[in-house]
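Counting in the working numbering, the sequence shown runs from 168 upward without gaps. Quick reminder that beta carbons are idealized off the backbone N, C-alpha and C, glycines included. For reference, the structure is listed below as structure tokens.
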Amino acid sequence: MSNIVTGGLNVYGYDIGVLMLDSKFPRIVGDVGNAKTWKYPVLFRKVNGKTPDKVVLKLTMDDIKPFIDAAKELQKQGVKAITTSCGFLALFQRELAQILDVPIFTSALIMLPMISRMIGNKKVLVLTANSDTLTKRHIESVCGSIDGIPMKVVGTQHKPNFTHFTVQNWDSVDIDLCRQEIIDTIDEELKKDSDYGAILFECTNMPPHSDAVRQKFGLPVFDFISLMNFVHYSVFGE
């Protein structure tokens, strides 16, 4: 009995492709851009010139072409699903999904309707790096209409470290201070309104702090790691 394998690629065995912004800020284990975060092989592809400040603060549909090109290249390399390193690329979800032949998930926001249905009438606290620039258009690009979803978007942009080390591309940062800023931001919101049933980290750089937030507030925390592992299991199984 023959055992024929087929070639055509330069390298093999990558499961999921990741569209990386043009960044240099540190990415610790738990961040989408740290290869040790994943228990399966991922293939990173940097989109040159698309820096975090551009994507978080000034992204428009005119910026989509380099992401299309990079996603098509990942697809040619044999990955079975594609994701991104910044949830603000949610703006491109529909267009990328229509072009590609493999699943693409641009943002953890895609889980928002599912999370809302899990917790009944309670609200979802969506934590983002910048609540001023994460618009309804971003969210509805991945979720459809959100008019019936009890939720609030809260940002960390008014704290001194977390948002700025990512968006402004710092060379170094105190991770403990970043974690505390995330906890403080959530704590401030929960003191104003306790009617939340879950937390959704929109930002792909927040998952390293998910466990600390779960332990502190006793609420389920959904993040980009939850989503990527779900997709990987759905495509590859155990």
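- According to the neighbour-count rule (16 or more other Cβ atoms, all chains shown, within 10 Å of its Cβ), is A365 buried or exposed? Buried, by the Cβ-count rule.
- Message: Which residue marks the beginning of the alpha helix (DSSP H) containing M228, and which one marks its end?
- Response: Taken as a continuous stretch (DSSP letters only), M228 belongs to no alpha helix (DSSP H), as it is neither H nor E.
- Task: Can you say whether K217 is buried or exposed, counting buried as having 16 or more other CB atoms within 10 angstroms of its CB?
- Result: buried
- Tell me whether N396 is buried or exposed, calling it buried when 16 or more other Cβ atoms sit within 10 Å of its Cβ. exposed
- Within 10 angstroms of the Cβ of F259, are there 16 or more other Cβ atoms? Answer buried if so, exposed if not. Classification for F259: buried.
- Message: For the segment 297-312 against the segment 336-344, do three or more pairs of beta-carbon atoms, one drawn from each stretch, fall closer than 8 Å, so that the two count as touching?
- Response: no
- Task: Compute the Euclidean distance between the alpha carbons of G197 and I171, then round it to the nearest angstrom.
- Result: 38 Å
- Message: My parser needs the alpha helix (DSSP H) runs of 4 or more residues fully inside the segment 249-298; what are they?
- Response: 260-266 and 279-285
- Item | When D299, I349 and R284 are compared against P327, the one with the closest alpha-carbon | I349
- Query: Based on the DSSP output, what are the partners of Y363 in its beta bridges?
  - Reply: K290
- Residue burial classification, L406 (beta-carbon count within 10 angstroms, cutoff 16): No answer is possible for residue 406: it lies beyond the span of the chain, which begins at 168 and ends at 405.
- Rounded C-beta distance between D182 and V246? I'm assuming under 8 Å. 7 Å
- With a threshold of 16 other CB atoms inside 10 Å of the CB of N372, please say whether the residue is buried or exposed. buried
- Which ranges does the alpha helix (DSSP H) cover as unbroken runs of at least 4 residues, wholly within the segment 312-383, from first to last along the chain? DSSP runs (the alpha helix (DSSP H)) wholly in the segment 312-383: 329-334 and 342-359.
- Using three-state DSSP, classify R194 as helix, strand or coil. Collapsing the DSSP output to three states places R194 in coil.
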